[in-house]
Amino acid sequence: MAIRDWPEGERPREKLMSLGPAALSDAELLAIFLRVGVKGRSAVDLARDLLSSFGGLRPLLEADRARFCAEHGLGDASFVQLQAVLEMSRRHLASQLTRGDALTSPSLVRAFLASKLRHLGHEEFAVMFLDSQHRVIHFESLFRGTLDSASVYPREVARRALALGAGATILAHNHPSGVAEPSDADRRITQRLKAALELFEIRVLDHFVVGDGEVVSFAERGWL
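Residue numbers for the sequence shown, in our numbering: 448 to 671.
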């Protein structure tokens, strides 16, 4: 049965307009993005098939072009549209941070860092530079690869902080393994950076480790 023949309260678009997006399932949200199904399958049926094939919404959203376009019912046009939607979401999170004090919303900081780092297949170390009132000046990825005490350079972080006129920083990096638990090396890197930046009266407010389903805060654990 085509979606237009469903009861109005069960159609994804009408349901979203009456109840809001949070009321929809992953398949219903994806169906709205897809707009149409394929022969013999409605958009919702196709969405369910795709979620099953990819193993969930997140793997689908993070799939590369070849994997995404290999699925029946998808293609370059859908891939391009999805990348635009994801980038708009990331920029929306970034604009929310730059409009105010990032530290008044730890959940927003977590969401922003996860959107930037969670999908990467390699380790990446980034810094959020803040002014003396803890407003965001700039977010920048500085190091990538296997992160250890020899591959993260405090002098480079300090140089960028001074160039940007930062008074504080929030450090962040991801664990491609998906496990957000900080390692001993993570703690050593944090202490080296904290000591180096303190020489210039620049504070390290937190260090977030981004995993598959969790973002761990050093500050919340009392490690800073």
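The C-beta atom is built at its ideal place from N, Cα and C for all residues, glycine as well.
- Comparing alpha carbon positions, the residue from V604, E603, L564, G614 closest to V583 is G614.
- Non-local C-beta neighbours of A573 in its own chain, meaning closer than 6 Å and more than five positions away in sequence, comprise S588, A619, ordered along the chain.
- Remark: C-beta atoms of L555 and L540 approach each other more closely than 8 Å.
- Looking at the DSSP output, V599 shares a beta bridge with no other residue.
- Secondary structure note for A573: its beta strand (DSSP E) is the uninterrupted segment 571 to 577.
- Counting the other Cβ atoms within 10 Å of the Cβ of T593 gives fewer than 16, which makes it exposed.
- Rounded to whole angstroms, the gap between the alpha carbons of L609 and S579 is 12 Å.
- For L646, there is no enclosing alpha helix (DSSP H), as DSSP marks it with neither H nor E.
- Residue pairing by DSSP places T637 opposite no residue, since no beta bridge is assigned to it.
- Annotation for L589: the continuous beta strand (DSSP E) segment containing it runs 583 to 591.
- The residue from R650, I649, V656, L646 with its alpha-carbon nearest to that of A632 is V656.
- No Cβ-Cβ contact shorter than 8 Å links L481 with L471.
- The beta carbon of F501 sits closer than 6 Å to the beta carbons of L507 from its chain, once the five residues preceding and following it are set aside; these are given in chain order.
- Checking the DSSP bridge columns, you'll see F655 partnered with A619, S664.
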